[in-house]
Amino acid sequence: MFHRFPPPHRNPLLRKDEMSAIAVDSLYKVFGKGARSAVAQLKSGTPRDQLNAKSVTAAVIDHNWSIEPGEIFVVMGLSGSGKSTLIRMLNGLIKPTSGTIRIGGVELGSLSKRELRRLRREKISMVFQHFALLPHRTVVENVAFGLEIKGLNKTERLERAREAVELVGLAGHEDKLPAQLSGGMKQRVGLARALAADTEILLMDEAFSALDPLIRQEMQDQLLDLQAKLGKTIVFITHDLNEAMRIGDRIAICDGEVKQLGTAEDILLHPADEYVAEFTADVDRTRVLTAEAVMEPCGTRDTSAFPKVESDVPVNELYEPVLNSKAPLLVVDDNADPLGVVTPRSIIKSLSHDPAAESGPAIEQERQPA
Amino acid sequence: MIEYLRNWFWTYIWKPLPDMPFGDWMETFIRWARDAWATGFDAVDTALEFLYLHLADGLLWLPSGVMVLLFAAAAWAAKGWKLGVGIGIGMFVVAWTPYWEQTMQTLSMVLVSAAIAILLAIPLGIAAAESKAVSAIARPVLDFMQTLPAFVYLIPVVMLFSVGVVPGIIATIIFAMPPGVRLTELGLRQVDREVVEAGQAFGASPGRILARIKLPLALPTIMAGLNQVIMLALSMVVIAGLVGGGGLGSVISGSLGRLDIAAGFNAGLAVVLLAILLDRVTQGLSDRTPVARAAKLAR
Numbered sequence: 001m002f003h004r005f006p007p008p009h010r011n012p013l014l015r016k017d018e019m020s021a022i023a024v025d026s027l028y029k030v031f032g033k034g035a036r037s038a039v040a041q042l043k044s045g046t047p048r049d050q051l052n053a054k055s056v057t058a059a060v061i062d063h064n065w066s067i068e069p070g071e072i073f074v075v076m077g078l079s080g081s082g083k084s085t086l087i088r089m090l091n092g093l094i095k096p097t098s099g100t101i102r103i104g105g106v107e108l109g110s111l112s113k114r115e116l117r118r119l120r121r122e123k124i125s126m127v128f129q130h131f132a133l134l135p136h137r138t139v140v141e142n143v144a145f146g147l148e149i150k151g152l153n154k155t156e157r158l159e160r161a162r163e164a165v166e167l168v169g170l171a172g173h174e175d176k177l178p179a180q181l182s183g184g185m186k187q188r189v190g191l192a193r194a195l196a197a198d199t200e201i202l203l204m205d206e207a208f209s210a211l212d213p214l215i216r217q218e219m220q221d222q223l224l225d226l227q228a229k230l231g232k233t234i235v236f237i238t239h240d241l242n243e244a245m246r247i248g249d250r251i252a253i254c255d256g257e258v259k260q261l262g263t264a265e266d267i268l269l270h271p272a273d274e275y276v277a278e279f280t281a282d283v284d285r286t287r288v289l290t291a292e293a294v295m296e297p298c299g300t301r302d303t304s305a306f307p308k309v310e311s312d313v314p315v316n317e318l319y320e321p322v323l324n325s326k327a328p329l330l331v332v333d334d335n336a337d338p339l340g341v342v343t344p345r346s347i348i349k350s351l352s353h354d355p356a357a358e359s360g361p362a363i364e365q366e367r368q369p370a
Numbered sequence: 371m372i373e374y375l376r377n378w379f380w381t382y383i384w385k386p387l388p389d390m391p392f393g394d395w396m397e398t399f400i401r402w403a404r405d406a407w408a409t410g411f412d413a414v415d416t417a418l419e420f421l422y423l424h425l426a427d428g429l430l431w432l433p434s435g436v437m438v439l440l441f442a443a444a445a446w447a448a449k450g451w452k453l454g455v456g457i458g459i460g461m462f463v464v465a466w467t468p469y470w471e472q473t474m475q476t477l478s479m480v481l482v483s484a485a486i487a488i489l490l491a492i493p494l495g496i497a498a499a500e501s502k503a504v505s506a507i508a509r510p511v512l513d514f515m516q517t518l519p520a521f522v523y524l525i526p527v528v529m530l531f532s533v534g535v536v537p538g539i540i541a542t543i544i545f546a547m548p549p550g551v552r553l554t555e556l557g558l559r560q561v562d563r564e565v566v567e568a569g570q571a572f573g574a575s576p577g578r579i580l581a582r583i584k585l586p587l588a589l590p591t592i593m594a595g596l597n598q599v600i601m602l603a604l605s606m607v608v609i610a611g612l613v614g615g616g617g618l619g620s621v622i623s624g625s626l627g628r629l630d631i632a633a634g635f636n637a638g639l640a641v642v643l644l645a646i647l648l649d650r651v652t653q654g655l656s657d658r659t660p661v662a663r664a665a666k667l668a669r
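Chains Y and A supply the protein sequences, listed in that same order.
The numbering of the first sequence is my numbering, which starts it at 1 and goes up by one.
The numbering of the second sequence is my numbering, which starts it at 371 and goes up by one.
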């Protein structure tokens, strides 16, 4: 039922091509009368708060990006930033005002209503903020909903639904009603329903936003675990940058238009503008930045005796080793080749907000070990 | 000054206006319809009378004592043993009055007209929930049907179907239908938007979303509509006694003519007890819908 995928791309410079799971091209959505002329105005550079027609709302402005198969793509923005509109355009629940969306090379605009429904059944499933479960159906019947729509017979769909329930860790709760479950468990049902449909693409609309912080973290971990096994293409909407950085391979920060698109480190180290920088101020950098981002060059030192750490270890796991070791830590890549060294000083420098320190590995002379 | 305004209105507005034509239009329409659609009305007349007579015969086939037990059992099944006992006592009191036969006739009229009203109301409610245009047209028509004094449309109905049971049933259908339409529409519109969206996101067709998501979730509200329809039907059926509808309505309008207080109160008591039976049993049924049961678990 499920298969393994290679690890997702982490390359922010990827250009869209025919193989992209999802590709959007100059995508606009404007609500209200006069939407088309508003798009023309936006295209000629009018800011969205200076549009002629006052009754229009520009939700999505000039989106151009693509997502590779197996990637977790997070769209992050405040309420009113058009992210919910965006995700609903990806499965055709909302029609774009202008621009194209391609799912696995198929353009949504060219599909009839019937073909669009078929695409949703076979290619795209969705997880909702408030779970959107049917209150009168048991857990397993809810999970089987997508399969029911696909037309599977009852025994087969219930069997596959049970597998999905087990996969999200709800075994033993199959015959309960949603009202008997906690919020986190309800969202697991929502997730299981989407997984049971066995689609390549998973849309998650603020899926964890309604949950308590602890449960939310648990769900994020579970999503990452599942993703390592299943390798879905996931579009995840959130208003929480910490969440975005935790789970996203790439993050698009949106406010109508895309303000910045890149990996968590990119955004944290090189915020594109004030708007993005304001968000990143609140982020727990120690969880996002890795040893690679806080290291200094080795210089000419003999590094053979230094303790080694992998380049993708987050900074908050470096504190203890770096304090307990007299020598700096040696950062190594997958082939155990040295990349640089980490010292308490280099960590502090990278975590401070001083742009000079954020501009990359330090070039100054290393303090000589005593 | 006031005098001047009165003269002005008289000269320039009221005098040149013809008499209010609405009543005449309705009369012309009804007279025309009677002749043009006579066969249709005859068919409806025969069908409704057939339904009513056979249902009433069925309800009166068993002796009243057995029927009391059956009603009690139905209430027990719908809700619980307490209601069963209560309804048993209530129906025993009805059987004790001299009007058991009339009560069963009234019940039969209520059931026939409420069933037809709900069969018309639910599809109309669905259409109104799915289409804003239908909703906009249906709303004033429903207001009209519900608020026009009941006696007023008894007049044309009697003209079309002559006196008897059938005009009573027709008038009852018209009078009792609106809450069925309204509550069906309301129930469907109140269904959580996100759940409907989930249906769409998984690729369900509009028909399937209606059948698998919207209708089950709206069912408690639709059942509340059914309850309203039945209660209104009961109140109207009594009024229909005035046009020879038979049942308790005839007893009551007869005792009004003879100022017979005792007969009036006996029949009135039977109406009240019948109302309680119908209300509690339909409520019990609406508590048994899957969604209502799930909601109870949440508490």
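All residues carry an ideal CB built from backbone N, CA and C; glycine is no exception.
Fair warning: this is a prediction, and the values are worked out from it, not measured in the lab.
Selection Thr652(A), Leu667(A), Leu648(A) evaluated against Thr476(A) yields Leu648(A) as nearest (Cα-Cα). In this chain, the alpha helix (DSSP H) harbouring Tyr275(Y) covers 274-280. Residue range 338-342 is occupied by the beta strand (DSSP E) that includes Val341(Y).
At a C-beta separation below 7 Å, Gln570(A) has these neighbours in chain Y: Leu93.
Burial is judged here by how many other beta carbons sit within 10 angstroms of a residue's own beta carbon; Asn597(A) has at least 16 and is buried. Annotation: Phe572(A) to Glu564(A) spans about 12 Å, alpha carbon to alpha carbon. At a beta-carbon threshold of 8 Å, the residues of chain Y lying near Ile583(A) are Leu134, ordered along the chain. Chain order gives the chain Y residues near Ala664(A) as Pro135, His136, Leu177, Pro178, Ala179, where near means a beta carbon separation below 8 Å.
With respect to Leu202(Y), Gly184(Y) sits apart: the two C-beta atoms are not nearer than 7 Å. Boundaries of the beta strand (DSSP E) harbouring Trp65(Y): 57-67, taken from the DSSP string. According to DSSP, Pro314(Y) shares a beta bridge with Thr290(Y). Interface annotation for the region 113-130 of chain Y against chain A: Arg117, Arg118, Arg120, Arg121, Ser125, Met126, Phe128, His130, criterion Cβ-Cβ distance under 7 Å. Annotated three-state conformation of Met479(A) is helix, per DSSP. Chain-order list of chain A residues neighbouring Phe306(Y): empty, with the shortest C-beta distance near 52 Å, by a criterion of under 8 Å. By the Cβ test, the region 448-463 of chain A is not in contact with the region 620-636 of chain A, since fewer than three Cβ pairs between them sit closer than 8 Å. Leu587(A) and Lys123(Y) have their alpha carbons spaced roughly 27 Å apart. Note on Val511(A): under 16 other CB atoms within 10 angstroms of its CB, so exposed under the neighbour-count rule. Listed by position along chain Y, the residues whose Cβ is nearer than 8 Å to that of Ser501(A) form an empty set, because the closest Cβ is around 17 Å away. Residue environment for Ile486(A): buried (at least 16 other C-beta atoms within 10 angstroms of its C-beta). Taking the Cβ atoms as the reference, Lys449(A) lies roughly 7 Å from Arg650(A), within the contact range of under 8 Å.
Taking 8 Å as the upper bound for CB-CB distance, Leu133(Y) and Gly190(Y) are in contact here, some 7 Å apart.
Taking a Cβ-Cβ cut-off of 7 Å, Phe236(Y) has no neighbours in chain A, whose nearest Cβ is about 15 Å from it. For Arg301(Y), no beta strand (DSSP E) segment is defined, and its DSSP state is neither H nor E. Within the region 99-173 of chain Y, the complete beta strand (DSSP E) segments of 3 residues or longer fall at 124-127, listed in chain order.
Phe73(Y) has its alpha-carbon roughly 31 Å from the corresponding atom of Lys308(Y). Chain-ordered, the chain Y residues with CB closer than 9 Å to the CB of Ala668(A) read Pro135, Leu177, Pro178, Ala179, Gln180.
Cβ atoms of Ala610(A) and Thr517(A) stay farther apart than 8 Å, at about 18 Å. Within the same chain, and ignoring the five residues on either side of Ala21(Y) in sequence, the residues whose Cβ sits closer than 7 Å to its Cβ are Ile67, Glu68, Pro69, Gly104, Glu200, Ile201, Thr233.
About 5 Å separates the CB atoms of Leu261(Y) and Ala252(Y); that is less than 8 Å, so the two are in contact. Annotation for Tyr374(A): no residue places its beta carbon closer than 8 Å to its own, counting only its chain and skipping 5 residues before and after. A distance below 7 Å separates the beta carbons of Ala520(A) and Met606(A). Around Pro586(A), the beta-carbon contacts reaching into chain Y at under 7 Å are His136. For Gly557(A), the uninterrupted alpha helix (DSSP H) segment begins and ends at 535-559. Where Met204(Y) is concerned, the enclosing beta strand (DSSP E) starts and stops at 201-205. At a C-beta separation below 9 Å, Ile149(Y) has these neighbours in chain A: Gly569, Phe572, Gly573, Ala574, Ser575, Arg578, Arg582.
In the DSSP assignment, Leu51(Y) falls outside any alpha helix (DSSP H) and carries neither an H nor an E.
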